[in-house]
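Data block below; observations after.
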């Protein structure tokens, strides 16, 4: 992950040469360049343009395009086309198709209908990737390669025969003996004990829509590994052919995939597809409404940043999105395309490529609008692009600077995946995940996510003053140990309710809770319960402040040096400790017996003096996000106004408004959907 | 479609001789006759009564029934029994069964489980139809034939192997070459290009519950053609045998079927099944509540009238409807059966046959009540039938008169079907479809639907003073041309937002919008957007009146002689034109940048002086519908009171109350659920 | 059903030796004994512990456990392990697996995925049951046997090939000829006539999600018989081996199963699994909220009592329940475990076994908490168990006493099952079922359910002063006759709307309504209807009192000696009789033309002087339930407070508070979730 896209912040666009007459190509590219677009991504669904029938390869079509790109000076990101197998392929080799949980085969007509584990598909993918790399990789216009498209998008479960075989191989490799597997999966429960590897199947339909949860957890790990292997297979081929400075990436960040590991082993750059307009989908049943709307994408971008501090946006919203069968969204309001682009850059993007140049006139995505509409006319968004391009030019030096955060939230894939198969886990964690984010945004407190693994180093943690690990339900000795070290050395950690009651297989531990964290937290959880729907609100008092315990409650006692700082002050458990503080080494730990709602999270930020870290620089209203990137001794302060109404902002120091290059101080106004980037020395 | 059922308005009933002891037949028929029933429909689910085992034909059962009918003077409509294959047939030839999208075969036990495209089913249907026609067609009591029953009811998608083969043949016939097919379907999108006809499949399951939308559109056309071919196969056989004056019909009006074309090529009379009581279903999740409840069936009857100005009702509600597994409805209130019958006649029905004589004691339809309940006792509804019969006798001369309308709403199957596979289309059009209907009903403004095809003639359009074509999303040159001619010759057309951006394949056109209508509308749509859920209401001012733009907004500029008559007066696009008027030839065109809600539609009706065309004759309250049928110089004015409360009506001229044969004028009262027919010269 | 579990009220627990290290067994058992647990149930999911691979039987594991049980003096209920076939079994013989309605096979990974009708499964079950009985039955610690686990739980429909064959055999045995079958099922409807037994299939998918309702009714009867046969097969084997005083039981009460008949033919004791905490499930979409919450389990226990006046609870809630994929519930509040145990005993349980000892750390049920949590620590619930045990000791003499009720509600399986396949039936009956229960609870009026069969005796009915038969939709001559006898001899019966319009096959009768009950009720129902959603409330006046007719209305006239005591007093049917009283023999009958809402039911209880039968003994507030068990001349009065708040109770006579052995009279207080048992002589 050492490479980066360009030496300045720059803009690109997604383009489909195959959708338009060749006679339009040159005009399109020149018009892009005129509006500040320097790079196009091409070919991710174009397999048939290279291999229209099995084994017959042709390269003329994209050769011609690349020549025009070269002529006009447009840079190109080239894609491997494996996301959509050709019709001849799935007809000749139906075994490459994925199936649903009931055994129904997914047919040609959409995308991503293949399985990563089909030997035949792997063979044909290897061949096409090798052919394309061999033929195109030396082309001067090409600056990078995208593998496939949106790995695990739409579909992140697999039930083909090839998957069954691969799963058996995966677990045999992992557990070696059936005895160990039976132990790890707790198969003695409900008489699920396996006596032969052949008895093991994918988690298909059962009478009760449930399956062994420990098998399920390994199944998700298996899917992640299958996807990663598929990407690595392509990456290994590409590496043999691409030019020295060119990069390999893939786009999107989807479930059932260890994006961090995939990036580490196969990619030079991680790129994300950012569509904040989903927040405005008319069918809110499809896309649930959240309080912060498009601002929630800052959370996604923070996730991306946990993979890599700098990254690209391969698809950035530039028009209304929608399919003919799903998703109806309004067009972005004037200014929103710019706002969302700056949101991406503020969070660490050094390259932003819009999806798409011209709205497609055909197929499922005919409502996924680009910068241009169906006709070729100039649009309001094209004009906005030109203005945006000028803004980007004023801030292009920001490239390579790092997002600043003193607060970290710890996550890990074991818990992320366990949450998916465990509704108790999900009910608890989803409240805290959203509540913490809203509190951090509301108090203008930048933060990072850190994905904890058994390889995480103390140094990685020590760049944060405080860490939240809201509900570390699965915990390992290794992870407990590094958390202790972090605290010993002066860090602070805050844990929430029901922590550390599962092991790495998702089995519950026969330990007093919070299990492996009992020493560190000096806490003994004696009882616990969901909050009943008809309970009176349960309140906790924390040194004079009252907050409500929502969803779940731990009832606990301090151990050793543990100090009770909060107690339940209503309900059957009145006066029972609800928050225990533990000074440990140079640092301290809090164990909180409930979830981190926005209210609770704000109180933690206040009590720990974490909120508003830039208040000496700037004061902004609730509607605005503050993000700061820094490089050497320079701070770049981004202000993003997500509301349609103008707001005022107070600059407490003199700063350079990079958009127009003048110094500013005091009260300044910011238009609806407006943004500013200030430079401070 | 030249024939008609009877020379007077008359009543019939659906009867199932096979459900009741033979000893009951004669009594039943005599009792029907005594209550004004002149015709019975029989045999539509009786295949086993003719061919109990394969190839063994017997006719005695219905011979016996027909002899009794002849004896008592009851007329008979005889049905082909192809809607429900016998158990032996589907057991012996399971390939005749339809499948669902996942490949699950529909089994014996319901109805309509066959596919139109099974060669074996077609062979067996041909044989039974030929046998029945040969044997029964000459019988004196028979006056007409019904083909099958409710074509495309329940099930209007097909996924059997036979359908796959037929679909390939259909598209091969249509496109000749794969190149043309790939072009028409835009298969370059998502790498869907076909290289062999065998690669093409029905639109089965994909990972994303979506499929190529242009293929989908052709798939629906294919279903329509399959159904039409099946009906024509039977019609061609029947024509060889039926008596000269007898008619061929089929009943119902269902989706995925060009009822107009089917009627033209195969039927003498179109008959509809009218069940307004669906509006009162207790489970409103199953049958969505609409404001006008049973009065919405006037919209359905208007659809039927677009097929044929005169028609029959083969099944008219006469009791509570329901199945044991679906639909719970109250019994019709006293008066409603009569009201709904008059609703049918007002809209063009010359024959009304009730469903059913006696409520079935067995099977799924045991709650689909008839005039009699399970026991044979006289019911309140039987008494109401007698009274209704007397009313019908007073108006029987109305037969053959035409429904009067000066306003037309244009529809076409391409857009109707595109709406089904395109949720953007649907979101927009469904608002306008309902809004226009409610405004027209609310202002007592009769209207017709006109189904536009490439064969529509200028003359057909010219009987209307004003045409609404709410959202002509698919548009062809041919259709644009005739609309222009219509306006040139003095007509007025009103278009709504997002018109004319697709071609006949459902692909978007690379034209400035509204595409092929830009000349005619003198409008240039520069931008467009759904209205966001959290937008403030967006208002449009039209010469002093304010209306709200709902769901969608076009932002546009006038071209040439286009005159801005309405502008947005709030939101980001304040002052942008929202309604453009264009004088063209002798007529004029309006392009309105949003949807036709009831409020918007009412304003159009008022501004164009279309509302209340019969206000010189009669004044009725909101609860009542006015419908007028005319013949030569006579007007028959129907007043229908859909509310349970009595209302008063003002007759502004002296008219003949046909029910009692006296002249009336001034204020008259109308009982709850009451109706009147006035004759004016 | 002659045996009983123990000679005193006693406690047990469910235990899984196979889940825990052998070193824990003895400690666990001793700790149980120390807390009053005298019996453990074991081995219901342990097939693999006996037959790890096909045909290789080992007994050591449970031998060892039983020896420890014997050593410490713990009694054991041993289970047959047929609820969960081993992985080797379903792999080797996939034909034993059940399928869903679409033909998708249920896979290993859950439980109850087998079908009762697989010859291979029956063969293998016979063998394992025989082996276990032979080996273990003589062990001194064993006191009883449980067959399988929760018959028909999760899954009560079956679609495997084995079921198809068994169903054909079942109906061939039942109907002998196809002619009789075609008659019984009304197959003439929709041309469903069968001409060969092979044409008959299970009710699989049809295009309209419906099937022949009479076939459906027989299909449910077939499932019940299949399950009963499976249980009887095991019972017959066990009987050959078990010790004389040992009992055979199975646990749970599920649908599609004639629990009464099963008990009679195969069981010595019936045991139920009682989980009142379901009422507090956080996802109320999964478990619908009902007004009385956990108190609704008294209704379930009343159902259980209709099977047997004394019974056991095999699984009694002792902690939060939940799976990782379904059900999130709070922990029982302090006191609720005790309350629910007393609820079970009050209704007739003489043995209560908690589920489970220690919460399972593995598998789907990891959130189905036991008395202990995952760690082995003492819990609050363990302490509550000890206290509960002391309470139980004070009331242990109650064993064998009978629940007292003067009011009965008649049910029968034909109507219970018809309700499932008939939404009209369900819509009506579900209102009355809940309304009657709420009124009876609210007025502290104990009642019984009586399941009517053609074998029910007059004597069985005569122990009740009044019987409600809310909606006897299916009625037989035999049943009508015994009801008449009951009334003749002085009983009172109350019928609700739409009674007696179906025969035993679920076909409607061609009789004036209420059909076979017309004589008895002296009522002639002329018309009927659902109440429409937009109707004004329809009221009935009954001698000065007004009640609302909800959901359904019969419009009727008295016959002969029938006396109109209530009339509709609003709506179109104002003044039409709504309630007819008929003095018949020494008794009387009421026919009420609507449903038994709580309001209506309370009025009936008041008018018939049934409410509050213990008001001379005790006065309690709404929140409390009164239940009385009696033996010889002793009454044991249970008072159960379901609210979290303390209440006061007035003892109108001096009684013995059994918990502390002192006499009490007058106002006494009862803590939140508290209970008392008073003994009166």
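Residue numbers (UniProt numbering), protein chains in the order written: chain A, 1 to 681; chain B, 1 to 681; chain C, 1 to 681.
Glycine included, C-beta positions come from ideal geometry on N, C-alpha and C.
Nothing here was measured: the structure is a model prediction, and the numbers come from that model.
- For the pair of segments examined, the stretch 115-135 of chain B was found not to touch the stretch 185-199 of chain B: the number of CB pairs separated by less than 8 Å stays below three.
- Contact annotation for residue 48/B against chain C: 191, 193 [CB-CB distance below 7 Å, chain order].
- Along the stretch 468-501 of chain B, the positions whose C-beta sits under 8 Å from a C-beta of chain A are 501, read in chain order.
- Of all C-beta pairs linking the stretch 410-423 of chain A to the stretch 614-628 of chain A, fewer than three are shorter than 8 Å, placing the two stretches out of contact.
- If you ignore the 5 residues before and after residue 237/A, its C-beta comes within less than 8 Å of the C-beta of 126, 129, 130, 133, all in its own chain and listed in chain order.
- DSSP lists 528/B as the beta-bridge partner residues of residue 554/B.
- Judged by beta-carbon spacing, residue 5/C lies beyond the 8 Å limit of residue 78/C, meaning their Cβ atoms are not closer than that value.
- For residue 651/C, the enclosing beta strand (DSSP E) covers residues 647-657.
- Residue 530/A belongs to the set of residues whose beta carbon lies under 8 Å from a beta carbon in chain C.
- Residue contact with chain C for residue 322/B: present (Cβ-Cβ distance below 8 Å to some residue of chain C).
- Listed in chain order, the non-local C-beta contacts of residue 115/C below 6 Å within the same chain comprise 98, 158, 160, 162, 163, local neighbours out to five positions each way being set aside.
- Distance check between residue 541/A and each of 107/A, 497/A, 592/A, 496/A places 592/A closest, using alpha-carbon atoms only.
- At least one C-beta of chain C is nearer than 8 Å to the C-beta of residue 325/B.
- Close CB contacts of residue 485/C within its chain, under the 7 Å cut and outside five residues either way in sequence, are with 458 (chain order).
- The straight-line gap separating the alpha-carbon atoms of residue 136/A and residue 83/A is approximately 19 Å.
- For residue 50/A, the enclosing alpha helix (DSSP H) has its first and last residue at 47-50.
- Along the stretch 362-440 of chain A, the alpha helix (DSSP H) occurs as fully enclosed runs of 4 or more residues at 380-395, 413-421, listed in sequence order.
- Nearest to residue 475/C by alpha-carbon distance, out of 453/C, 263/C, 331/C, 63/C, is 453/C.
- If you ignore the 5 residues before and after residue 522/A, its C-beta comes within less than 7 Å of the C-beta of 558, 559, 560, 561, 562, 580, 582, all in its own chain and listed in chain order.
- The stretch 461-479 of chain B makes contact with the stretch 496-507 of chain B; the number of CB pairs closer than 8 Å reaches 3 or more.
- For residue 111/C, the CB contacts under 6 Å within the same chain, skipping 5 residues up- and downstream, are 83, 84 in chain order.
- Put simply, the backbone Cα of residue 355/A is about 18 Å away from that of residue 280/A.
- Counting along the chain, the unbroken alpha helix (DSSP H) around residue 165/C starts and ends at 161-175.
- The bridge partners DSSP lists for residue 56/B are 53/B.
- In this chain, the alpha helix (DSSP H) harbouring residue 488/A covers 477-488.
- Chain-ordered, the chain C residues with CB closer than 7 Å to the CB of residue 367/B read 424.
- Per DSSP, residue 271/A lies in no alpha helix (DSSP H) segment; the continuous beta strand (DSSP E) that holds it begins and ends at 271-274.
- Residues of chain A whose Cβ lies closer than 7 Å to the Cβ of residue 186/B are, in chain order, 362, 363.
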